[in-house]
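Just add 369 to the spot in the sequence shown (first one is 1) and you have our numbering. In this text, a Cβ means the ideal position worked out from N, Cα and C, and glycines have one as well. Written below as structure tokens is the structure these notes are about.
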Amino acid sequence: MKEGRQLSVSAIENGTVIDHIPAKTLFKVIQILGLDHIDNQITFGTNLDSKKLGKKAIIKISDKFFEDEDINRIALVAPEAKLNIIRGYEVVEKKVVEVPDIIIGIAKCMNPKCITNHENIKTKFRVVSKKSVALKCLYCEKITSQENMQII
Ligand code: CTP
Ligand code: ZN
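What follows is the structure, encoded as structure tokens:
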């Protein structure tokens with residue numbers, strides 16, 4: 370166990386553990402998944418040491434099992450996140466997040482003239498590259514690349 374001999378955050382009986390979240394995007398992940406609006410028991414740890422990420426965060430949500438489609442929404446802010454599905458205290462499945470084909474909300478269109486930057490309209494993009502993420506705005510057709518991506 371990478372967190373050392375003791376669990377940094379208590380084990381859960383049933384639910385989902387999202388590990389390897391960059392510490393700096395933890396609150397974005399919470400927001401994207403709507404964890405601030407659900408009644409499930411949630412524990413999290415942040416600024417835990419990680420060889421890969423420097424500082425990582427982990428979230429444990431009891432009795433919650435996400436649809437792939439919902440979980441994949443975090444790919445823009447936590448591309449290396451690992452999901453562990455827990456049943457009866459055991460890890461029964463491990464999953465990685467995949468960048469979806471369409472992204473609604475989450476990112477800002479980099480085109481200052483885009484309507485989404487002037488009116489109260491949710492951004493909508495088609496993902497044209499997944500490795501280094503590039504998003505094509507469905508309103509203005511401009512490409513927003515990984516380097517100039519701003520998360521809303
Ligand atoms: N976990 C948990 N409750 C359990 C079982 C596991 O919260 N009942 C958490 C662990 O704390 C860990 C994650 O789920 O953060 C994955 O567990 P496990 O596969 O045992 O740990 P690792 O071997 O560290 O996983 P990996 O290397 O795949 O990240
Ligand atoms: Zn646009």
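- Cβ-Cβ distances below 6 Å link Asn409 to Ile430, Ser431, Asp432, Lys433 in the same chain, with the five nearest sequence neighbours on each side left out; the list follows chain order.
- Leaving aside the five residues that flank Glu462 on each side, the residues in its chain whose CB is nearer than 7 Å to its CB run, in chain order, Ile454.
- Secondary structure at His487: coil, using DSSP grouped into helix, strand and coil.
- Each of Phe413, Val466, Leu507, Thr415 was checked against the Cα of Ile440, and the nearest Cα belongs to Val466.
- Contact between the segment 402–422 and the segment 466–481 is not established, with fewer than three Cβ pairs separated by less than 8 Å.
- In the three-state reduction of the DSSP assignment, Thr492 falls in the coil class.
- For Leu504, the enclosing beta strand (DSSP E) covers residues 503–506.
- Under the DSSP assignment, Lys393 falls outside any alpha helix (DSSP H); it carries neither an H nor an E label.
- For the set Glu449, Thr385, Val386, the Cα lying nearest the Cα of Lys500 is the one of Glu449.
- DSSP places Glu462 within a strand segment (E or B) once states are collapsed to three.
- The Cβ-Cβ distance between Cys483 and Lys511 falls below 8 Å.
- Relative to ligand 2, Lys511 has its C-beta within less than 7 Å of a heavy atom.
- Scanning its chain for C-beta atoms nearer than 7 Å, with the 5 sequence neighbours on each side dropped, one finds around Ala380 the residues Tyr458, in chain order.
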